[in-house]
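Here the structure comes first, spelled out in structure tokens, and everything after it is commentary.
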Ligand code: AMP
Ligand code: GLY
């Protein structure tokens, strides 16, 4: 079978790498891909949001399965278009992807079905939102309704900070239409974890645990990013807790989506806060996490392709996933300035040396090839991932590989994987 992976980040490199190992797969394509996917797949110069272009490519190249990485094409309806054209595509349809595409939809769904999440209010005008928060003297979280590339969540110490956040979103329009509605939410405290699961719309099959490090700098300081590293398994998400989250959150959410006439098939990612009163949903994503996917797929021993097919065909029941006992750690190496403005086009050295170390895979994110060299082309540039018998060994191995790699201005966290100690 010929498989198309849509996207061009570290998650898509990991997906293409894993899919290419399936005995069912004869060739992998990646659109648009990056310099790393070019080594495990054939890159196709079509953007992830160009649904017409992707559909044409899939038809002309007899693609048997399309796996969609990022959220934008899902929210734009790529899976609807492919399925309606008789092509197999993994991921939720647009009406189901709204669970990530609209925070208001997600929060209202959770509330309607009694699924545990923080208390919240929705506002469609800055005046009403301001009147609500101005006298509140407690920490609050202000969220834009629509997609905002992970930047649409503002943590506020009190009502005054929330007022400033509301101004930025609703008066200055910094997030465009995504900020036409906002959610003002209770600030939740605890450990943050995510649980990812395959679902065919009825059965839920969780992946093993993983945890990412969102803050830019060591010790969880600095601005939030898409994720500066991740590791799997994550000790905080014990098997018992994973079952609890599956029973109390994932399954009820999949049933709720079905009851709403929005059956959810694909990968459902629950971002959770483990509070004193139990796990609470922070958000859902309609896709694999980046960078959680990199360490997770390094540990997945089962063929991933039958799992994609089972989600599409509605026969996930009876499937299981084998995991290696090893720990995997992914250290993200980022461009100078990331998560704010950053430069592109720096030459990356040492990739081959790093990738030759045992148990190491250097997943590319923001890279491209130029004149026989690999150049930076994004904020998160690489996800250097290593496995080890223990977490300590995996961490050591990942950083040994990181130290072989250099480019002008690179930065990375030195404490990835250490939170669980
Ligand atoms: P989200 O995109 O909703 O996951 O938010 C991004 C990040 O903001 C999360 O990963 C949390 O670290 C933080 N966050 C979101 N909602 C809350 C909340 N209600 N309380 C505390 N932190 C939150
Ligand atoms: N690592 C968080 C995400 O993929 O949204």
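Residue numbers (this note's numbering): 27 to 447.
For each residue, glycine too, the CB sits at the ideal point set by N, CA and C.
Source: prediction; values computed, not measured.
- Contact annotation: residue 130 and residue 118 have beta-carbon atoms that are not nearer than 8 Å.
- Measuring C-alpha to C-alpha distances from residue 160 to each of 127, 401, 184, 101 identifies 184 as the nearest.
- Contact between residue 188 and residue 207 is ruled out by a C-beta separation of about 16 Å, above the 8 Å threshold.
- Look at residue 249 here: in three-state DSSP terms it is strand.
- When C-beta atoms of the segment 146-160 are compared with those of the segment 204-221, three or more pairs fall below 8 Å, so the two segments count as touching.
- Taken atom to atom, the span from the alpha-carbon of residue 390 to that of residue 258 is near 19 Å.
- DSSP places residue 148 in the uninterrupted beta strand (DSSP E) bounded by 146-149.
- Straight through space, the alpha carbons of residue 361 and residue 155 are spaced by roughly 37 Å.
- Assignment of beta-bridge partners to residue 309 by DSSP yields 297.
- Rounded to the nearest whole angstrom, the C-alpha separation of residue 276 and residue 372 is 42 Å.
- Straight through space, the alpha carbons of residue 141 and residue 37 are spaced by roughly 29 Å.
- Checking the 7 Å criterion, the Cβ of residue 405 is out of range of every heavy atom belonging to ligand 2.
- With a threshold of 16 other beta carbon atoms within 10 Å, residue 269 falls short and is exposed.
- Per DSSP, the unbroken alpha helix (DSSP H) holding residue 154 starts and ends at 152-159.
- The DSSP assignment places complete alpha helix (DSSP H) segments of no fewer than 4 residues inside the segment 73-124 at 77-86, 97-101, 104-110, in order along the chain.
- Restricting attention to beta strand (DSSP E) runs no shorter than 3 residues, the segment 347-424 encloses them at 353-360, 386-390, 393-396, 399-402, 406-414, ordered along the chain.
- Contact annotation: residue 219 and residue 262 have beta-carbon atoms nearer than 8 Å.
- Taking C-beta atoms as the reference points, residue 406 and residue 392 count as a pair closer than 8 Å.
- Within the chosen limit of 7 Å, ligand 2 does not reach the beta carbon of residue 142 with any heavy atom.
- No heavy atom of ligand 2 is found nearer than 7 Å to the CB of residue 249.
- Counting other Cβ atoms within 10 Å of its Cβ, residue 403 reaches 16 or more and is therefore classed as buried.
- Around the beta carbon of residue 34, 16 or more other beta carbons lie within 10 angstroms, which makes this residue buried.
- Counting other Cβ atoms within 10 Å of its Cβ, residue 240 reaches 16 or more and is therefore classed as buried.
- Here the alpha carbon of residue 286 sits roughly 18 Å from the alpha carbon of residue 293.
- CA-CA distance, residue 272 to residue 338, rounds to 20 Å.
- Here the C-alpha atom of residue 386 lies approximately 10 Å from the C-alpha atom of residue 409.
- Under the criterion of beta carbons closer than 8 Å, residue 282 and residue 135 qualify as touching, at roughly 6 Å.
- Nearest in C-alpha terms to residue 182, of all of 94, 169, 57, is 169.
- In the structure shown, the three-state DSSP call for residue 320 is helix.
- Residue 169 is bridged by DSSP to 179, 209.
- If you check the C-beta of residue 44 against ligand 1, you find no heavy atom less than 7 Å away.
- Secondary structure note for residue 164: it is in no alpha helix (DSSP H), with a DSSP letter that is neither H nor E.
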